[in-house]
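Asks: Below you will find the structure I want to go over with you.
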Amino acid sequence: TTIETFIQHIPKAELHLHIEGTLEPELMMKIAKRNEISLDYESVDEIKKAYQFSNLQDFLDIYYAGANVLRHETDFFDLTWSYLTKAHSQNIVHTEIFFDPQTHTERGVAFSTVITGIHKALEKAQNELGISSKIIMSILRHLDEDSALETLKEALPYKEWITAIGLDSSEVGNPPSKFARVFEKAKTEGFETVAHAGEEGDAGYVREAIEILKVSRIDHGNRSLEDELLIKHIVENKIPLTVCPLSNLKLKVVKEAIDHPLLKMLNRGMVATVNSDDPAYFGGYINENFLAMSEALNLTAKHVHQLSRNSFIASFLTQEEKSKWI
Ligand code: ADE
Ligand code: ZN
């Protein structure tokens, strides 16, 4: 259809993408084999069959287990390069990717191994595919403050490569306030900040991320719609929401595609963007996310254009860099 072609061709920025969540079953098996790691699965089909989740934690357990095959710099390079070629095929011209260092350092893989592999792939993508990028180092919120502070310290020698600090993993029971000091230090060190909030947690989690962590973007933010005063604050301060439609469906944050709040967010004047979160696990990259929403919510080319425009506005590019795309 014409909307499908429009979605494919329009230049887009992706702002909510976990690099560990782009590990396709084929690559997982290939890396497991060369690293001589035995998997719990015999085939790609068997892996795919295991990807059925009833909530966020269900998914996280499988996602952290999958990341266990990643051991060497080349593994992180291959993982990132594979995502970047896919992104290029979908007309993503700028991407801001999360990585979860603690997922790797906790099992003995050095911070430098992880970030160097990712960085080298991003550099190659800039040179060969013309894709610009930023790295967001995300803190695992189910771990304690000390681990977060230690991870922030490990990031300092790589300041040139890391634009922002984020917060992800199990939301309910791990509110933003748990990391108030970590985010204060991150800001003092000159990092931008973002946080996952309002995915499974209620509007109070979004409020804390904004008021206590003072983040410049909210990842997901779905449940901010439950609080009128909060909506007003988000609109007036133009705080972007990085929304992930297929993720929300797979993790049962939203029941059916037609119930997805994306259009409501746009109609309320929120700077919403469309992203793929963990595409290898949720059944689609950015264009499939756009397409699912355009079909369910009858999005027009105008909506798609607004969402693409929002993705650049909400990005960490400079005004001058943004003006090339908006
Ligand atoms: N880590 C990877 N994907 C995530 C998500 N959607 N929510 C929280 N943590 C995550
Ligand atoms: Zn996420």
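Reading the sequence shown from the start, the letters are residues 5 to 330 in the UniProt record's numbering.
Backbone N, C-alpha and C fix where the C-beta goes; we use that ideal spot for every residue, glycine too.
These numbers were taken from a predicted model, which means no experiment stands behind them.
Leaving out five residues before and five after A152 in sequence, what residues of the same chain have Cβ atoms less than 7 Å from its Cβ?
Replies: Residue mapping note: residue 152 aligns to position 148 of the sequence shown, counting from 1. Only I143, F183, V186 meet the Cβ criterion.
Asks: Does the beta-carbon distance from A190 to I222 come in below 8 Å?
Replies: Mapped onto the sequence shown, residue 190 falls at position 186. Mapped onto the sequence shown, residue 222 falls at position 218. No, they are not a contact pair.
Asks: For I216 versus S181, is the C-beta spacing smaller than 8 Å?
Replies: Along the sequence shown, read from residue 1 onward, the residue named residue 216 stands at position 212. Along the sequence shown, read from residue 1 onward, the residue named residue 181 stands at position 177. Closer than 8 Å, so yes.
Asks: Going by DSSP, what residue range makes up the beta strand (DSSP E) through S142?
Replies: Here residue 142 is taken as the residue at index 138 of the sequence shown, counted from 1. Taken as a continuous stretch (DSSP letters only), the beta strand (DSSP E) holding S142 covers 136-144.
Asks: Give me whichever residues DSSP pairs with K16 in a beta bridge.
Replies: Within the sequence shown, residue 16 is the residue found at index 12, counting from 1. Beta-bridge pairing links K16 to I96.
Asks: Is it buried or exposed, A114, if we count other Cβ atoms within 10 angstroms and call 16 or more buried?
Replies: The count along the sequence shown starts at 1 and reaches residue 114 at position 110. By the neighbour-count rule (16 or more Cβ atoms within 10 Å), A114 is not buried but exposed.
Asks: Helix, strand or coil for V308? Go by DSSP, reduced to three states.
Replies: Along the sequence shown, read from residue 1 onward, the residue named residue 308 stands at position 304. V308: helix per DSSP, three-state reduction.
Asks: Spatial neighbours of G288 within its chain, please: C-beta separation below 6 Å, excluding the five flanking residues on both sides.
Replies: The residue you call residue 288 lines up with position 284 of the sequence shown. Excluding sequence neighbours, G288 sits near L250.
Asks: Mark E28 as exposed unless 16 or more other C-beta atoms lie within 10 angstroms of its C-beta, in which case mark it buried.
Replies: Numbered from its first residue, the sequence shown carries residue 28 at position 24. The residue is buried, with at least 16 neighbouring Cβ atoms inside 10 Å.
Asks: Looking only at its chain, what residues have a beta carbon closer than 7 Å to the beta carbon of Q310, apart from the 5 residues adjacent to it on each side?
Replies: If you number the sequence shown from 1, residue 310 lands on position 306. L270.
Asks: Which residues bound the alpha helix (DSSP H) around L171?
Replies: The sequence position of residue 171 within the sequence shown is 167, counting from 1. First-last for L171: 168-172, but that is the beta strand (DSSP E), not the alpha helix (DSSP H).
Asks: Residues around the ligand ZN, please: the condition is that the C-beta lies closer than 6 Å to some non-hydrogen atom of it.
Replies: Per the Cβ criterion, the list is H20, H22, D172, H200, D223, D281.
Asks: Distance, Cα to Cα, N279 vs R313?
Replies: For the purposes of this step, residue 279 is identified with residue 275 of the sequence shown, where counting begins at 1. For the purposes of this step, residue 313 is identified with residue 309 of the sequence shown, where counting begins at 1. Computed Cα separation, rounded: 13 Å.
Asks: Please determine whether the Cβ atom of E203 lies at a distance below 7 Å from any heavy atom of the ligand ADE.
Replies: Within the sequence shown, residue 203 is the residue found at index 199, counting from 1. Yes, since a heavy atom of the ligand ADE falls inside the 7 Å radius drawn around the Cβ of E203.
Asks: Thinking C-beta only, is I23 closer than 8 Å to I135?
Replies: Position 131 of the sequence shown holds residue 135. Position 19 of the sequence shown holds residue 23. Taking 8 Å as the Cβ cut-off, I135 and I23 do not qualify as a contacting pair.
Asks: Between G25 and the ligand ADE, is the CB less than 7 Å from at least one heavy atom?
Replies: Walking along the sequence shown from the start, residue 25 turns up at place 21. Within the cutoff, so yes.
Asks: Which residues share a DSSP beta bridge with H22?
Replies: Taking the sequence shown and counting its residues from 1, the one referred to as residue 22 is at position 18. Its beta-bridge partners are F102.
Asks: Leaving out the 5 sequence neighbours to the left and right, which residues in its chain are closer than 6 Å to F102 when beta-carbon positions are compared?
Replies: Residue mapping note: residue 102 aligns to position 98 of the sequence shown, counting from 1. Excluding positions up to five away in sequence, the list reads H22, I140, S142, G170.
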